[in-house]
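First the structure, in the form of C-alpha cells, and then the observations on it.
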Amino acid sequence: MEALESLREPLREPRRPQSRPEATAGATAPATGPAPHERPPTPLVLVACSGGADSMALASALAFEAPKLGIRAGAVTVDHGLQSGSDLRADEVAQRLRELGLDPVESVAVTVGRDGGPEAAARDARYAALDAAAERHGAAAILLGHTRDDQAETVLLGLARGSGIRSLSGMAAVSGADGRYRRPFLHLDRQTARKACMVQSLPVWDDPHNADPAYTRSRLRHEGLPALEKALGKGVVEALARTAQLSRDDADALDAWAGQAAASVRDAAGRLECAKLHELPPAVRRRVLRRAAIDAGAPAGSLFARHIEEVDRLITGWHGQGAINLPGKVVAQRQGGRLVIRQG
93 MEALESLREP LREPRRPQSR PEATAGATAP ATGPAPHERP PTPLVLVACS
143 GGADSMALAS ALAFEAPKLG IRAGAVTVDH GLQSGSDLRA DEVAQRLREL
193 GLDPVESVAV TVGRDGGPEA AARDARYAAL DAAAERHGAA AILLGHTRDD
243 QAETVLLGLA RGSGIRSLSG MAAVSGADGR YRRPFLHLDR QTARKACMVQ
293 SLPVWDDPHN ADPAYTRSRL RHEGLPALEK ALGKGVVEAL ARTAQLSRDD
343 ADALDAWAGQ AAASVRDAAG RLECAKLHEL PPAVRRRVLR RAAIDAGAPA
393 GSLFARHIEE VDRLITGWHG QGAINLPGKV VAQRQGGRLV IRQG
C-alpha cells in the first residue's frame, strides 16, 4: 500500500528491549558490535490500534506489507479506562490484532489524569504508554492511524486557539524522539479507511466519545466541518490538509532562522539584548523568546501566544512595565537593556 511507502525510509537502529542488568562476579564484558556473520536485528514496527476503522485498517495494511518491507509488525492497544467494560474491549481488539498475524501484541491499561482537560489528559496518558511499549519491545517506530480528516480538524482547532502558524501546521508525518511516530494515512480520508475494513470484513469499534458533543473535537467533526462544507462546498478537508503542509514548511523555515538568530542577540554573558531583539522580524523574535522561556522551565504545552506577546512588549512597547509571569513559575523582565527570563 502506498501509504506505507514512507517506512522504506531508513529506520533508526532498534532499541534493545529493556531488561534488568544483573552483575555477575568475574563476568566477562560483552563484546561490542555484532559477530562477523551475525545479522542485524530485524526492525520492529508497532501500530497503535484503538479498534476503530482508521487504526484497524492501518494494522491490516502493516500486517500485509511488513514481510515485503523486511520488518516485524506488532501492535499496542491502550485501555484508557474511561468507559465500562473498556478492559474487555481492549482484550478483544488485541485478539483481532493477533489474528491479523501481528506479534507482539500488547494491551496496556492507563490512568487518565485531569491536566489540560479530558482530551489532553487522555492523549498524554496514551503517548506515555506507547513510548513505554516501544522501549519494552525495542521498537523502531510506532504507526498512528491519523487521517486527512484528523489533520483538517487539528488545523481548525489550532486556528480557533489563535496559536500561530505552528498550530496551523497540524500533525507531522514523522514526529517524536528519533522519528518514533509515523502517520502514513495523513493523505487518506477517513471514509477510505472505513471502506478498507468493510472490504476485508474487519470488525471495528466506534468509540462513543467520538460522537459525544461534550468533546470539542467531536463537535467540530459532526457540526463544524459539515457546516463549513455546506457553506463553502466540498473540498474543505483537502484544503485544510494542504494548508497544514504549507504552514509546516513556513514554520520550519522560521524556526531555523530563529535558531540561527538566537546566538546573535546575546551578549558575552549570554543575556538577551533588547536592542538586537528589536531588530529581528516579529515572527523570528517571538520564536527566540518562546525558546528562551522554554529553556528557563516554562512547559511548552502551557505557553500560549498571549504569553509571548506580553514578553514581546517588553521589547517593542517598553514603558517601564513590571515582570511578566509565565507558566512553570518563569518570570520575564527587562533589566538595563537586557531581557532576563528565569525561574521566579
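According to this note's numbering, the sequence shown is numbered sequentially starting from 93.
Heads up, the beta-carbon is just placed ideally off N, CA and C, and yes, glycines get one too.
These numbers were taken from a predicted model, which means no experiment stands behind them.
DSSP-derived helix/strand/coil call for residue i
| i | result |
| --- | --- |
| D171 | strand |
| S147 | helix |
| G307 | The amino acid at residue 307 is misidentified as Gly; the sequence shows Tyr. Of the three classes helix, strand and coil, the one that applies to Y307 here is coil, per DSSP. |
| I163 | coil |
| Q440 | Any property of residue 440 remains undetermined from this structure, which presents the chain solely from 93 to 436. |
| E114 | Confidence is the limiting factor: at E114 the pLDDT is only 45, short of 50, which leaves the residue's position unreliable, though a coordinate-based value still follows. It is coil, neither helix nor strand. |
| Q292 | coil |
| L431 | strand |
| Q425 | strand |
| S199 | strand |
| L406 | helix |
| L418 | strand |
| V266 | strand |
| V204 | coil |
| A388 | coil |
| V185 | helix |
| A375 | helix |
| L364 | strand |
| A232 | coil |
| L338 | helix |
| R274 | strand |
| V328 | helix |
| L136 | strand |
| P122 | Note that P122 scores 49 on pLDDT, short of 50, meaning its location in the model is unreliable and no value can be drawn from it. |
Same chain, Cβ closer than 6 Å to residue i, neighbours up to 5 away in sequence not counted
| i | result |
| --- | --- |
| D179 | D171 |
| V204 | H172, A213, A214 and A217 |
| G420 | G389, A390 and P391 |
| D146 | G237, T239 and A285 |
Nonlocal neighbours in the same chain, by C-beta distance under 8 Å from residue i, ignoring five residues either side
| i | result |
| --- | --- |
| L369 | V357, R377, V380, L381, I407 and L431 |
| G428 | none |
| D359 | E365 and R430 |
| M263 | H238, D242, Q243, T246, R275, L278 and A336 |
| P300 | Q175 |
Cβ-Cβ distance between residue i and residue j below 9 Å
| i | j | result |
| --- | --- | --- |
| A201 | A182 | yes |
| P276 | A153 | yes |
| L346 | A375 | yes |
| R240 | L278 | yes |
| A331 | Q243 | no |
| G166 | V139 | yes |
| L249 | A149 | no |
| A385 | L395 | yes |
| A354 | R383 | yes |
For residue j and residue i, the rounded distance between their alpha carbons
| i | j | result |
| --- | --- | --- |
| R258 | G351 | 15 Å |
| H399 | S267 | 25 Å |
| G193 | V247 | 35 Å |
| T284 | V422 | 46 Å |
| R253 | V329 | 19 Å |
| L260 | E211 | 19 Å |
| D298 | G144 | 6 Å |
| G409 | E157 | 57 Å |
| L338 | G256 | 13 Å |
| P113 | G230 | With a pLDDT of 44 at P113, under the threshold of 50, the predicted position of this residue should be treated as unreliable, and no value is reported. |
| A397 | D404 | 10 Å |
| R363 | D387 | 13 Å |
| Q413 | R426 | 9 Å |
| C141 | S176 | 19 Å |
| G393 | K287 | 36 Å |
| E402 | A361 | 24 Å |
| D207 | D281 | 31 Å |
| A306 | D341 | 34 Å |
| L251 | Y273 | 24 Å |
| S199 | N302 | 21 Å |
| A155 | I234 | 13 Å |
| E184 | V291 | 20 Å |
| I433 | D304 | 42 Å |
Neighbourhood of residue i by C-beta, 7 Å cutoff - its chain only, sequence neighbours within 5 removed
| i | result |
| --- | --- |
| V197 | G166, A167, A186, L189 and R190 |
| W349 | V376 |
| Q435 | A388, G389, K421 and V422 |
| P159 | none |
Inset, instruction - Mind the definition here: the region 219–234 touches the region 300–313 only if three or more C-beta pairs lie below 8 Å; say whether that holds. - result: no
Legend entry - Touching by the beta-carbon criterion (3+ pairs, under 8 Å), the region 224–235 and the region 152–171: yes
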